[in-house]
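Here is the structure we will look at.
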(Lines of atoms letter the chains of each structure in order from A and count residues from 1; the text may use other names and numbers.)
(Lines give C-alpha, C1' and ligand atoms only; values in the text may rest on other atoms or scores of the structure.)
Protein backbone atom coordinates (compact mmCIF):
# COMPACT_ATOMS: atom_id res chain seq x y z
CA UNK A 1 0.00 0.00 0.00
CA UNK A 2 1.66 3.26 -1.13
CA UNK A 3 1.95 6.45 0.87
CA UNK A 4 -0.80 8.24 -1.07
CA UNK A 5 -3.38 5.55 -0.25
CA UNK A 6 -2.35 5.52 3.42
CA UNK A 7 -2.58 9.32 3.55
CA UNK A 8 -6.05 9.24 1.99
CA UNK A 9 -7.22 6.64 4.51
CA UNK A 10 -5.80 8.72 7.36
CA UNK A 11 -7.52 11.85 6.07
CA UNK A 12 -10.94 10.21 5.91
CA UNK A 13 -10.51 8.64 9.35
CA UNK A 14 -9.69 12.10 10.70
CA UNK A 15 -12.69 13.61 8.88
CA UNK A 16 -14.95 10.91 10.32
CA UNK A 17 -13.72 11.58 13.86
CA UNK A 18 -14.14 15.32 13.30
CA UNK A 19 -17.74 14.84 12.16
CA UNK A 20 -18.54 12.85 15.32
CA UNK A 21 -17.00 15.55 17.52
CA UNK A 22 -19.06 18.18 15.67
CA UNK A 23 -22.20 16.05 16.06
CA UNK A 24 -21.57 15.52 19.79
CA UNK A 25 -21.40 19.28 20.34
CA UNK A 26 -24.99 19.51 19.13
CA UNK A 27 -26.70 16.19 19.79
CA UNK A 28 -24.84 15.51 23.05
CA UNK A 29 -24.65 18.99 24.59
CA UNK A 30 -26.78 21.71 22.96
CA UNK A 31 -29.97 19.97 21.77
CA UNK A 32 -30.62 17.85 24.92
CA UNK A 33 -30.57 21.11 26.89
CA UNK A 34 -32.83 22.97 24.46
CA UNK A 35 -30.07 25.32 23.30
CA UNK A 36 -29.21 26.74 19.92
CA UNK A 37 -26.48 28.91 18.39
CA UNK A 38 -25.30 30.19 15.02
CA UNK A 39 -24.48 28.36 11.82
CA UNK A 40 -26.60 25.94 9.85
CA UNK A 41 -26.98 23.56 12.79
CA UNK A 42 -28.28 26.48 14.85
CA UNK A 43 -30.98 27.07 12.24
CA UNK A 44 -31.80 23.37 12.15
CA UNK A 45 -32.22 23.24 15.93
CA UNK A 46 -34.58 26.23 15.76
CA UNK A 47 -36.65 24.30 13.21
CA UNK A 48 -36.64 21.27 15.52
CA UNK A 49 -37.80 23.32 18.52
CA UNK A 50 -40.42 25.17 16.45
CA UNK A 51 -41.95 21.90 15.20
CA UNK A 52 -41.88 20.25 18.61
CA UNK A 53 -39.29 17.72 17.45
CA UNK A 54 -41.28 16.68 14.39
CA UNK A 55 -38.45 17.74 12.06
CA UNK A 56 -35.19 16.54 13.58
CA UNK A 57 -32.11 18.75 13.19
CA UNK A 58 -30.01 16.12 11.40
CA UNK A 59 -32.61 15.72 8.64
CA UNK A 60 -33.16 19.40 7.95
CA UNK A 61 -29.36 19.81 8.07
CA UNK A 62 -28.72 17.51 5.11
CA UNK A 63 -31.75 18.79 3.15
CA UNK A 64 -30.84 22.47 3.54
CA UNK A 65 -27.20 21.77 2.67
CA UNK A 66 -28.24 19.89 -0.46
CA UNK A 67 -30.39 22.85 -1.56
CA UNK A 68 -27.60 25.34 -0.79
CA UNK A 69 -25.05 23.35 -2.80
CA UNK A 70 -27.38 23.24 -5.82
CA UNK A 71 -28.06 27.00 -5.58
CA UNK A 72 -24.37 27.80 -5.13
CA UNK A 73 -23.33 25.72 -8.14
CA UNK A 74 -26.04 27.37 -10.24
CA UNK A 75 -25.25 30.91 -9.07
CA UNK A 76 -21.47 30.76 -8.70
CA UNK A 77 -20.17 27.67 -10.42
CA UNK A 78 -18.57 26.46 -7.18
CA UNK A 79 -17.05 22.99 -7.56
CA UNK A 80 -17.53 21.21 -4.26
CA UNK A 81 -15.21 18.26 -3.72
CA UNK A 82 -16.16 14.81 -2.55
CA UNK A 83 -14.85 15.57 0.94
CA UNK A 84 -17.51 18.24 1.45
CA UNK A 85 -20.30 15.85 0.46
CA UNK A 86 -18.73 13.15 2.65
CA UNK A 87 -18.55 15.46 5.69
CA UNK A 88 -22.17 16.59 5.32
CA UNK A 89 -23.41 13.00 5.05
CA UNK A 90 -21.12 11.69 7.80
CA UNK A 91 -22.19 14.51 10.13
CA UNK A 92 -25.82 13.55 9.51
CA UNK A 93 -25.09 9.89 10.31
CA UNK A 94 -23.13 10.88 13.41
CA UNK A 95 -25.96 13.09 14.65
CA UNK A 96 -28.47 10.29 14.14
CA UNK A 97 -26.31 7.82 16.10
CA UNK A 98 -25.58 10.24 18.95
CA UNK A 99 -29.24 11.29 19.07
CA UNK A 100 -30.18 7.66 19.80
CA UNK A 101 -27.26 7.12 22.22
CA UNK A 102 -28.90 8.70 25.27
CA UNK A 103 -25.91 7.84 27.50
CA UNK A 104 -23.92 10.46 25.55
CA UNK A 105 -26.41 13.23 26.29
CA UNK A 106 -25.67 15.94 28.84
CA UNK A 107 -28.69 15.23 31.03
CA UNK A 108 -29.13 14.74 34.75
CA UNK A 109 -28.10 11.26 35.79
CA UNK A 110 -25.90 10.76 32.75
CA UNK A 111 -22.09 10.75 32.62
CA UNK A 112 -21.90 14.00 30.62
CA UNK A 113 -24.35 15.87 32.87
CA UNK A 114 -23.21 19.45 33.57
CA UNK A 115 -24.88 21.20 36.49
CA UNK A 116 -23.60 24.69 35.66
CA UNK A 117 -25.71 25.63 32.63
CA UNK A 118 -23.32 28.30 31.35
CA UNK A 119 -20.62 25.64 30.85
CA UNK A 120 -22.74 23.75 28.32
CA UNK A 121 -22.48 26.28 25.43
CA UNK A 122 -18.82 26.87 26.29
CA UNK A 123 -17.96 23.17 25.98
CA UNK A 124 -20.20 22.82 22.92
CA UNK A 125 -18.49 25.76 21.21
CA UNK A 126 -15.08 24.25 21.94
CA UNK A 127 -16.13 20.82 20.64
CA UNK A 128 -17.67 22.31 17.50
CA UNK A 129 -14.49 24.31 16.86
CA UNK A 130 -12.36 21.17 17.15
CA UNK A 131 -14.69 19.25 14.81
CA UNK A 132 -15.03 21.90 12.12
CA UNK A 133 -11.39 22.93 12.52
CA UNK A 134 -10.21 19.39 11.79
CA UNK A 135 -12.59 19.15 8.84
CA UNK A 136 -11.10 22.32 7.36
CA UNK A 137 -7.52 21.22 8.03
CA UNK A 138 -8.08 18.02 6.07
CA UNK A 139 -9.66 19.81 3.12
CA UNK A 140 -13.35 19.33 3.85
CA UNK A 141 -16.28 21.56 4.71
CA UNK A 142 -19.50 21.12 6.66
CA UNK A 143 -21.37 23.42 4.25
CA UNK A 144 -24.11 25.54 5.78
CA UNK A 145 -23.47 29.22 6.39
CA UNK A 146 -20.07 28.90 4.68
CA UNK A 147 -21.93 28.57 1.38
CA UNK A 148 -24.31 31.46 2.18
CA UNK A 149 -21.43 33.74 3.18
CA UNK A 150 -19.54 32.97 -0.04
CA UNK A 151 -22.57 33.78 -2.19
CA UNK A 152 -23.21 37.06 -0.33
CA UNK A 153 -19.55 38.02 -0.62
CA UNK A 154 -19.57 37.39 -4.37
CA UNK A 155 -22.48 39.68 -5.20
CA UNK A 156 -22.27 42.34 -2.48
CA UNK A 157 -19.24 44.23 -1.07
CA UNK A 158 -19.52 42.53 2.32
CA UNK A 159 -16.55 40.74 3.88
CA UNK A 160 -16.84 37.07 4.77
CA UNK A 161 -16.32 37.86 8.46
CA UNK A 162 -19.26 40.29 8.41
CA UNK A 163 -21.44 37.77 6.57
CA UNK A 164 -20.66 35.07 9.15
CA UNK A 165 -21.40 37.43 12.06
CA UNK A 166 -24.70 38.69 10.61
CA UNK A 167 -25.92 35.19 9.75
CA UNK A 168 -25.04 33.84 13.22
CA UNK A 169 -26.81 36.70 15.03
CA UNK A 170 -29.84 36.40 12.74
CA UNK A 171 -30.16 32.67 13.46
CA UNK A 172 -29.76 33.16 17.22
CA UNK A 173 -32.41 35.92 17.21
CA UNK A 174 -34.95 33.46 15.76
CA UNK A 175 -35.09 31.84 19.21
CA UNK A 176 -36.86 34.96 20.51
CA UNK A 177 -39.85 34.18 18.27
CA UNK A 178 -40.42 30.78 19.88
CA UNK A 179 -42.96 30.90 22.73
CA UNK A 180 -40.97 28.67 25.10
CA UNK A 181 -37.63 30.47 24.60
CA UNK A 182 -36.36 33.56 26.42
CA UNK A 183 -33.61 36.15 26.05
CA UNK A 184 -31.34 34.00 28.22
CA UNK A 185 -31.58 31.21 25.62
CA UNK A 186 -30.31 33.64 22.99
CA UNK A 187 -27.47 34.63 25.34
CA UNK A 188 -26.40 30.99 25.63
CA UNK A 189 -26.26 30.89 21.84
CA UNK A 190 -24.02 33.96 21.77
CA UNK A 191 -21.72 32.31 24.33
CA UNK A 192 -21.42 29.27 22.07
CA UNK A 193 -20.63 31.41 19.01
CA UNK A 194 -17.98 33.43 20.86
CA UNK A 195 -16.34 30.27 22.26
CA UNK A 196 -16.35 28.70 18.80
CA UNK A 197 -14.74 31.79 17.22
CA UNK A 198 -11.98 31.89 19.82
CA UNK A 199 -11.27 28.16 19.80
CA UNK A 200 -11.16 27.65 16.06
CA UNK A 201 -8.20 30.06 15.93
CA UNK A 202 -6.24 27.49 17.91
CA UNK A 203 -7.29 24.60 15.67
CA UNK A 204 -6.96 26.00 12.17
CA UNK A 205 -6.33 29.72 12.30
CA UNK A 206 -9.88 31.03 12.31
CA UNK A 207 -12.26 31.54 9.42
CA UNK A 208 -11.57 35.29 9.40
CA UNK A 209 -7.77 34.98 9.08
CA UNK A 210 -5.50 35.12 6.07
CA UNK A 211 -1.90 34.07 5.63
CA UNK A 212 1.17 35.38 3.89
CA UNK A 213 3.53 32.68 2.65
CA UNK A 214 7.12 32.83 1.46
CA UNK A 215 8.08 29.67 -0.40
CA UNK A 216 11.69 28.80 -1.25
CA UNK A 217 11.88 25.92 -3.72
CA UNK A 218 13.78 24.80 -6.79
CA UNK A 219 10.41 23.74 -8.19
CA UNK A 220 8.87 27.16 -7.71
CA UNK A 221 7.46 27.17 -11.24
CA UNK A 222 5.40 24.01 -10.63
CA UNK A 223 4.15 25.41 -7.32
CA UNK A 224 3.27 28.77 -8.88
CA UNK A 225 1.42 27.09 -11.75
CA UNK A 226 -0.62 25.01 -9.28
CA UNK A 227 -1.59 28.11 -7.29
CA UNK A 228 -2.68 30.09 -10.34
CA UNK A 229 -4.26 27.27 -12.38
CA UNK A 230 -5.88 25.13 -9.67
CA UNK A 231 -6.43 27.48 -6.73
CA UNK A 232 -7.05 30.59 -8.85
CA UNK A 233 -4.81 32.68 -6.62
CA UNK A 234 -2.14 35.17 -7.57
CA UNK A 235 1.57 34.65 -6.96
CA UNK A 236 4.39 37.19 -6.81
CA UNK A 237 7.94 36.10 -7.64
CA UNK A 238 10.60 37.90 -5.61
CA UNK A 239 14.22 37.95 -6.72
CA UNK A 240 16.57 37.02 -3.87
CA UNK A 241 20.13 35.91 -3.26
CA UNK A 242 21.31 33.25 -0.84
CA UNK A 243 24.13 34.93 1.06
CA UNK A 244 25.92 31.68 1.86
CA UNK A 245 25.84 30.31 -1.70
CA UNK A 246 25.80 33.74 -3.41
CA UNK A 247 23.28 32.24 -5.86
CA UNK A 248 20.19 34.02 -7.16
CA UNK A 249 16.86 32.49 -6.16
CA UNK A 250 13.18 33.00 -6.94
CA UNK A 251 10.96 33.27 -3.86
CA UNK A 252 7.17 32.95 -4.09
CA UNK A 253 5.03 35.44 -2.16
CA UNK A 254 1.49 34.17 -1.69
CA UNK A 255 -1.60 35.51 0.11
CA UNK A 256 -4.35 32.99 0.89
CA UNK A 257 -7.22 32.57 3.32
CA UNK A 258 -7.15 30.02 6.13
CA UNK A 259 -9.27 27.42 4.31
CA UNK A 260 -6.77 27.24 1.49
CA UNK A 261 -3.71 26.78 3.71
CA UNK A 262 -4.04 23.00 4.30
CA UNK A 263 -4.56 22.33 0.58
CA UNK A 264 -1.57 24.46 -0.43
CA UNK A 265 0.74 23.04 2.26
CA UNK A 266 -0.10 19.51 1.20
CA UNK A 267 0.53 20.24 -2.46
CA UNK A 268 3.85 22.03 -1.83
CA UNK A 269 5.05 19.00 0.12
CA UNK A 270 4.05 16.70 -2.74
CA UNK A 271 5.74 18.84 -5.39
CA UNK A 272 8.92 19.50 -3.42
CA UNK A 273 9.43 17.71 -0.07
CA UNK A 274 12.56 19.83 0.48
CA UNK A 275 10.78 23.17 0.01
CA UNK A 276 11.24 25.81 2.71
CA UNK A 277 8.05 27.66 3.64
CA UNK A 278 7.45 30.57 6.00
CA UNK A 279 3.83 31.15 7.10
CA UNK A 280 2.72 34.38 8.76
CA UNK A 281 -0.88 35.08 9.85
CA UNK A 282 -2.34 38.41 8.76
CA UNK A 283 -5.71 39.82 9.75
CA UNK A 284 -6.06 42.58 7.16
CA UNK A 285 -5.81 41.73 3.48
CA UNK A 286 -7.64 43.98 1.03
CA UNK A 287 -8.12 43.53 -2.70
CA UNK A 288 -9.54 41.06 -5.19
CA UNK A 289 -10.28 37.71 -3.59
CA UNK A 290 -10.18 39.15 -0.05
CA UNK A 291 -11.92 42.05 1.73
CA UNK A 292 -12.84 45.17 -0.20
CA UNK A 293 -11.13 48.46 0.64
CA UNK A 294 -13.91 50.64 2.00
CA UNK A 295 -12.48 53.21 4.44
CA UNK A 296 -12.07 56.72 3.14
CA UNK A 297 -13.23 56.14 -0.45
CA UNK A 298 -16.35 58.31 -0.37
CA UNK A 299 -14.68 60.94 1.77
CA UNK A 300 -11.72 61.25 -0.59
CA UNK A 301 -14.02 61.62 -3.56
CA UNK A 302 -15.72 64.54 -1.87
CA UNK A 303 -12.40 66.15 -1.13
CA UNK A 304 -11.31 65.73 -4.75
CA UNK A 305 -14.52 67.30 -5.97
CA UNK A 306 -14.10 70.25 -3.60
CA UNK A 307 -10.59 70.86 -4.86
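Numbering (our numbering), first residue to last: 1097 to 1403. Glycine included, each C-beta is placed from N, C-alpha and C at the ideal position. Since the structure is predicted, the reported quantities are computational estimates derived from the model, not experimental observations.
Measure the beta-carbon distance from residue i to residue j and round it to whole angstroms, keeping in mind my assumption that it falls under 8 angstroms.
| i | j | result |
| --- | --- | --- |
| residue 1353 | residue 1306 | 5 angstroms |
| residue 1133 | residue 1285 | 4 angstroms |
| residue 1327 | residue 1348 | 13 angstroms between Cβ atoms; not a contact. |
| residue 1371 | residue 1311 | 6 angstroms |
| residue 1129 | residue 1218 | Between residue 1218 and residue 1129 the Cβ distance is about 12 angstroms, and since that is not below 8 angstroms, they are no contact. |
Rounded to whole angstroms, what is the Cα-Cα separation between residue i and residue j?
| i | j | result |
| --- | --- | --- |
| residue 1303 | residue 1221 | Any reading at residue 1303 needs caution, since the residue's pLDDT is 49, under 50, leaving its predicted position unreliable; the model's value is listed next. Going by the C-alpha atoms only, they are around 15 angstroms apart. |
| residue 1160 | residue 1137 | 10 angstroms |
| residue 1175 | residue 1105 | Here residue 1175 scores only 48 on pLDDT, less than 50, and its place in the model is too uncertain to base an answer on. |
| residue 1291 | residue 1366 | 35 angstroms |
| residue 1376 | residue 1351 | 10 angstroms |
| residue 1187 | residue 1115 | 5 angstroms |
| residue 1279 | residue 1235 | 37 angstroms |
| residue 1154 | residue 1110 | 21 angstroms |
| residue 1179 | residue 1151 | 26 angstroms |
| residue 1273 | residue 1309 | 46 angstroms |
| residue 1339 | residue 1261 | 47 angstroms |
| residue 1195 | residue 1364 | 41 angstroms |
| residue 1317 | residue 1344 | 15 angstroms |
| residue 1108 | residue 1209 | 31 angstroms |
| residue 1102 | residue 1233 | 17 angstroms |
| residue 1275 | residue 1144 | 14 angstroms |
| residue 1112 | residue 1123 | 16 angstroms |
| residue 1162 | residue 1225 | 23 angstroms |
| residue 1315 | residue 1378 | 26 angstroms |
| residue 1147 | residue 1263 | 22 angstroms |
| residue 1325 | residue 1135 | 32 angstroms |
| residue 1131 | residue 1213 | 10 angstroms |
| residue 1369 | residue 1207 | 46 angstroms |
| residue 1405 | residue 1271 | Outside the modelled stretch of the chain, which goes from 1097 to 1403, sits residue 1405, for which no answer is possible. |
| residue 1223 | residue 1329 | 32 angstroms |
| residue 1281 | residue 1346 | 55 angstroms |
| residue 1099 | residue 1362 | 13 angstroms |
| residue 1341 | residue 1335 | 15 angstroms |
| residue 1356 | residue 1211 | 40 angstroms |
| residue 1181 | residue 1166 | 12 angstroms |
Which one or two residues does DSSP pair with residue i in a beta bridge?
| i | result |
| --- | --- |
| residue 1372 | 1312 |
| residue 1347 | 1312, 1334 |
| residue 1218 | Per DSSP, none; premise fails for residue 1218. |
| residue 1306 | 1353, 1378 |
Nearest CA to the CA of residue i: which residue from the options?
| i | options | result |
| --- | --- | --- |
| residue 1127 | 1347, 1113, 1266, 1288 | 1288 |
| residue 1164 | 1206, 1240, 1212, 1369 | 1240 |
| residue 1358 | 1337, 1342, 1323 | 1323 |
| residue 1277 | 1142, 1102, 1135, 1214 | 1142 |
| residue 1332 | 1149, 1321, 1140 | 1321 |
| residue 1237 | 1212, 1184, 1263 | 1184 |
| residue 1157 | 1146, 1329, 1140 | 1140 |
| residue 1373 | 1341, 1319, 1281, 1335 | 1319 |
| residue 1197 | 1214, 1125, 1223, 1181 | 1125 |
Segment contact, 8 angstroms Cβ cut-off, at least three pairs: the region 1221 to 1236 with the region 1288 to 1298: yes
Should the region 1189 to 1197 be regarded as contacting the region 1103 to 1123, the criterion being three or more beta carbon pairs within less than 8 angstroms? yes
Could you check whether the region 1193 to 1210 touches the region 1260 to 1272, counting it as contact only if at least three pairs of C-beta atoms, one from each stretch, sit closer than 8 angstroms? no
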